[in-house]
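Protein chains in written order, with full-length UniProt numbering: chain F, 1 to 244; chain P, 1 to 244.
Where a beta carbon is used, it is the ideal one built from N, C-alpha and C, also for glycine.
Structure first, commentary second.
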DNA sequence: CGAAAGTTTTGGACTGACCAAATTGGGGAG
DNA sequence: CTCCCCAATTTGGTCAGTCCAAAACTTTCG
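Structure representation (structure tokens):
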């Protein structure tokens, strides 16, 4: 105890904003520095209010803020779990807003088009600079994709995986994150209508075309194959979004 | 707006999650539907607690959540301002986490490389499909850039603007947002070191090369000019980030 | 040794109160 | 009549204390 852990009266140099912000920052530091371990639960609120000599209100607010930032995962009645931030954390925090904008097809289409844009760049780069390992992975993903043609659920997964491999090629952690963002955000709409082995076979053919173009180091061909592939997909998914 | 919804009396039967979530959702709806107008202040907390017949604690929590999602802009002592969500809102909410990752390690570099990736695609597209207006805008931005060579502050701004024009070409609202995200996130480091008219002149030359390549509808040349340009910039900015 | 019952802890929510800053309303000076 | 300044009121931020039901932790018992 010894409540005197922090004399708050003696120091007033900066314009004191929110009291919780100070706590947020302190906890944040401790999470980043590792003083609070990843995947472990946060100390109890009553504990925290002692450590920071603040009221529960403030502590609570701080916790909520941290949770909003994704540094804590706060399930309703449970202890908040500490999450060290990564690019995935960042993407997660936007999830709720993106979700809102996806309800209007305008937003969904924008997002989809951005994906096309990104993947166009990815396949071009793959065509010009994919390593042997990259190509091996692509081949593997492609094989899995072919094997799943008859099972639409599995096909969906292997489809995602194939595209996912493309995102790993730049070796930039942002891209895999982006991929999972695209898939999780668009997934609900995507899943709802999907199906025939016929359709799957066509998709697979597209994938193969992309792969082949990459193998032949032909960026333009790879890009074009990718674009037509995605456009076909969109033509059957786009309409599932709200009209206006 | 006939959805009067239930007044939530005393019930314990349902697995009610967070009480504030219900309010969050209601307010969110009202913001989206326009019942609460963009850029106007939210009603007072005491008012809200009457409307939703909840305690101030809960109302407060709801407001905090909304603010965290970017639907409200809450300055410390002022009334929260209603913000209808857009892609910019989304990017804003990630700001704090991104900021964390920028301080450290290769986070900054990853971000920068992603920018290079994006702009490569942008200039390619510009080279193949820029409209007369796009080109006119580029020309204008370029002229402004040249005129600012002697004034490093102004040069920085016109530099950003020039790149910004590229992000408008796809006519996808995500891209301008992305541009402002890149600039605001990287700005602090970028600003801290820049300077000589000498350096500016070189940058301008790069911009001109990009512009010329676009004019000549040469995607490869445009891309290459862009890459060398950004790499030069990075070589003088990158080191300003924390080592490891 | 493990499962059930019991006890303590903890997060969610509410009330009432206080303070300082923001907003508002009303004069009084120009 | 307008504009600015100062009180009166509102409002956001914070605190302390209380209640409750669900988790988490103990202990007991089969």
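1) Could you give the DSSP three-state label for residue 110 of chain P: helix, strand or coil?
2) Please classify residue 272 of chain F: is it buried, with 16 or more other beta-carbons within 10 angstroms of its beta-carbon, or exposed?
3) Between residue 172 of chain F and chain P, is there a C-beta pair that is closer than 8 Å?
4) Alpha carbon to alpha carbon, how far is residue 143 of chain P from residue 217 of chain P? Give it in angstroms, no decimals.
5) In the DSSP assignment, find the unbroken alpha helix (DSSP H) run with residue 51 of chain F in it and report its ends.
6) Looking at C-alpha atoms only, which residue of P/18, P/35, P/110, P/152 is the closest neighbour of residue 65 of chain P?
7) With a threshold of 16 other CB atoms inside 10 Å of the CB of residue 200 of chain F, please say whether the residue is buried or exposed.
8) Apply the 10 Å Cβ neighbour rule to residue 61 of chain F and answer buried if 16 or more other Cβ atoms are within range, or exposed otherwise.
9) DSSP puts residue 72 of chain F in a beta bridge; with which residues?
10) Assign residue 219 of chain F to one of two classes, buried (16 or more other C-beta atoms within 10 Å of its C-beta) or exposed (fewer than that).
11) Beta-carbon within less than 6 Å of residue 12 of chain P's beta-carbon, same chain only, minus the 5 sequence neighbours each way: which residues are those?
12) Residue 181 of chain P to residue 35 of chain F, Cα distance in whole Å?
13) Could you confirm whether any beta carbon from chain P is found closer than 8 Å to the beta carbon of residue 101 of chain F?
14) Taking 6 Å as the limit between beta carbons, can you name the residues of its chain near residue 167 of chain F, skipping five residues before and five after?
15) Would you kindly work out how many angstroms separate the C-alpha atoms of residue 192 of chain P and residue 158 of chain P, rounded to a whole number?
16) Closer than 7 Å to a non-hydrogen atom of the ligand SAH - does that hold for the CB of residue 144 of chain P?
17) How do the segment 102–111 of chain F and the segment 225–242 of chain F stand: do at least 3 beta-carbon pairs fall below 8 Å, yes or no?
18) Quick check: is the beta carbon of residue 129 of chain F nearer than 8 Å to any beta carbon in chain P?
19) Look up residue 41 of chain F in the DSSP assignment and give the residues it is bridged to.
20) Residues in the same chain with beta-carbon distance under 7 Å from residue 213 of chain F, minus the five sequence neighbours each way, listed in chain order, please.
21) When the cut-off is 8 Å and only beta carbons count, does residue 61 of chain F lie next to chain P?
22) Are the beta-carbon atoms of residue 234 of chain P and residue 155 of chain P separated by less than 8 Å?
23) What residues from chain F crowd round residue 114 of chain P, counting only those whose CB sits closer than 9 Å?
24) For residue 155 of chain F, decide whether its Cβ has a neighbour in chain P, counting only Cβ atoms nearer than 8 Å.
25) Answer with yes or no whether the minimum CB distance from residue 53 of chain F to chain P is below 8 Å.
26) Which of the three DSSP states is assigned to residue 221 of chain F in this structure?
27) For residue 44 of chain F, which option in F/205, F/198, F/79, F/110 has the closest C-alpha, if you only look at C-alpha atoms?
28) Are the CB atoms of residue 97 of chain F and residue 173 of chain P nearer to each other than 8 Å?
29) Determine, using beta carbons only, whether residue 121 of chain P comes closer than 8 Å to chain F.
30) Does the beta-carbon distance from residue 70 of chain F to residue 89 of chain F come in below 8 Å?
31) Using the beta-carbon count (16 or more within 10 Å), is residue 67 of chain F buried or exposed?
32) Output yes or no for whether 8 Å exceeds the beta carbon distance between residue 162 of chain P and residue 121 of chain F.
33) Give me the chain P residues within the contact set of residue 64 of chain F, using Cβ-Cβ distance strictly less than 8 Å, ordered along the chain.
34) Evaluate residue 255 of chain F with the Cβ neighbour count: other Cβ atoms within 10 Å of its Cβ, from every protein chain shown; 16 or more gives buried, anything less gives exposed.
35) Got a sec, what are the start and stop residues for the alpha helix (DSSP H) residue 197 of chain P sits in?
36) What does the alpha-carbon distance come out to for the pair residue 231 of chain P and residue 56 of chain P?
Considering the structure as presented:
1) Residue 110 of chain P falls in the helix class under three-state DSSP.
2) With chain F covering only 1 through 244, there is no way to say anything about residue 272 of chain F.
3) Output row for residue 172 of chain F: interface = yes.
4) 20 Å
5) 45–51
6) Minimum Cα distance to residue 65 of chain P is reached at P/18.
7) buried
8) buried
9) Residue pairing by DSSP places residue 72 of chain F opposite F/82 in a beta bridge.
10) Residue 219 of chain F comes out buried.
11) Any reading at residue 12 of chain P must be qualified, since the residue scores a pLDDT of 34, below 50, and its modelled position is unreliable; the value itself is stated next. Excluding five sequence positions before and after residue 12 of chain P, none of the CB atoms of its chain fall closer than 6 Å to its own CB.
12) 31 Å
13) yes
14) 175, 176, 179
15) 17 Å
16) Although the ligand SAH was asked about, the structure shown includes no ligands whatsoever.
17) yes
18) No, because no Cβ of chain P sits closer than 8 Å to the Cβ of residue 129 of chain F.
19) F/81
20) 127, 221, 222, 225
21) yes
22) no
23) 170, 172, 174, 175, 178
24) no
25) no
26) helix
27) F/79
28) no
29) Interface residue, yes.
30) In this structure, residue 70 of chain F places its C-beta atom within 8 Å of the C-beta atom of residue 89 of chain F.
31) buried
32) no
33) 61, 64, 65, 68
34) As shown, chain F starts at 1 and ends at 244. That puts residue 255 of chain F outside it, with no answer to give.
35) Membership of residue 197 of chain P in the alpha helix (DSSP H) is indicated by the continuous run 197–215.
36) 53 Å
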